[in-house]
Amino acid sequence: MDLNKRLCHALGILALFLMTGYATAQNLVAVADTWCPYNCEPTAKKPGYVVELLKSAFATKGQSVSYRVMPWTRALLDTQSGKTTAVVAANAKEAAEHQLAIGSEPIGVAKGCVFVPASSPFKYRSIQDLDGLTRVGVVGGNAYQNDFGEWLSRPENRPKIHEVFADNPSERRAEMMIRGRIDGIFEDYTEMAYVLSTKGLQNQIMSAGCQNPSPLYVGFSKKHPRAQELVATLDTEIRRMRKAGSLKELLTSYGLEDWK
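Counting in numbering that gives the first Met the number 0, the sequence shown runs from 0 upward without gaps.
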């Protein structure tokens, strides 16, 4: 092969490499463990409002978003290392610990609440109030924070705790409450609101009080060459959708309200 042919061959390979790299860069990979309604099953008709929000935001830039489910710890580590582009629904502490780039616009808030039968007079304002519950449904293996974690750790409360190990623990505990088997549920407000809406139980189970909310974000890998641009794109799209009313429409389709 003469010099000119070699040069043309090399340039052809380089062009192919660059085109492939560009196509890959255009496809963003978002990961998380399943936490409906933030992010549900990838193949579901409704994959989660944050997943839909991400796809809408980056479609305006001609970019597609692939959403994959994996264990939460792996999702954080893979995004930190740059194997994946973004992790869905991380709090600020998790983002900082894994050097992820987050914007000024949250994609929701996590808020631990006590849910009780609608007919119950129970109200949660302090940890002492939790002593008024007789049978509390919690997710087996979950680590609960603040008042809930402290109350659950007390030996005298052990007989009151009913751990649920199931694929859909929020749905399972809602069913148990309707049957009178438990009188309290510790759960994230958004997750339980979604379950109650989809099951038509909004008038039978209610929130009796919540802990302080914690904003949630999409955390982008700082290994991505355009990480800050991705952050800015999402922030801009959230503000645009809120102003246009399309964010409200998206949330309403999941039985939710805007967190702001």
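We put the beta carbon where it would ideally sit given N, CA and C, even for glycine.
All values derive from a computational prediction rather than experimental measurement.
Cβ shell of residue i (< 7 Å), same chain only, five flanking positions each side left out
i, result
"PHE185", "GLY111, VAL113, VAL135, VAL137, TYR143 and PHE147"
"THR23", "Because THR23 carries a pLDDT of 46, less than 50, the predicted location of this residue cannot be relied on, and the following value inherits that uncertainty. So no residue of the chain qualifies."
"GLN201", "LEU195"
"ILE181", "ARG134, VAL135, GLY136, HIS161, ARG172 and MET175"
"ASP234", "GLY102, SER103 and GLU104"
"GLY47", "CYS35, PRO36, TYR37, ASN38 and CYS39"
Beta-carbon contacts of residue i that lie in its chain and below 8 Å, excluding the five residues immediately before and after
i, result
"ILE101", "ALA89, ALA91, ALA94, TYR216, VAL217, GLY218, PHE219 and VAL230"
"ASP257", "ARG241, LEU246, LYS247 and LEU250"
"TYR21", "Per-residue confidence for TYR21 stands at a pLDDT of 34, beneath the threshold of 50, marking its modelled position as unreliable; the derived number appears in the next sentence. Once the five neighbours on either side are set aside, TYR21 has no close Cβ partner at all."
"LEU13", "Low local confidence applies: a pLDDT of 41 at LEU13 is under 50, so the model's placement there is unreliable, and no value is given."
Cutoff 6 Å; reference residue i; Cβ partners in own chain excluding five residues on either side
i, result
"ARG172", "GLY136, VAL163 and ILE184"
"HIS97", "LEU75 and GLN79"
Bridge partners - residue i, DSSP secondary structure assignment
i, result
"VAL64", "LEU27"
"GLU149", "Answer by DSSP bridge pairing: none, since GLU149 is not bridged."
"ALA248", "Going by the sequence as given, residue 248 is Glu instead of Ala. The partner list for GLU248 (beta bridge, DSSP) is empty, contrary to what the question assumes."
"LEU215", "ASN90 and GLY107"
"GLU256", "Partner(s): none; GLU256 has no beta bridge."
"PRO41", "PRO41 pairs with nothing; no bridge assigned."
Beta carbon of residue i nearer than 8 Å to that of residue j
i, j, result
"ASP32", "MET69", "yes"
"SER206", "TYR188", "yes"
"VAL115", "VAL30", "no"
"SER213", "MET191", "no"
"SER55", "GLU236", "yes"
Integer-rounded CB distance, given that residue j should sit under 8 Å from residue i
i, j, result
"PHE57", "VAL64", "5 Å"
"THR78", "LEU53", "So it is not a contact: roughly 13 Å between Cβ atoms."
"GLY254", "THR197", "7 Å"
"ILE204", "ALA117", "6 Å"
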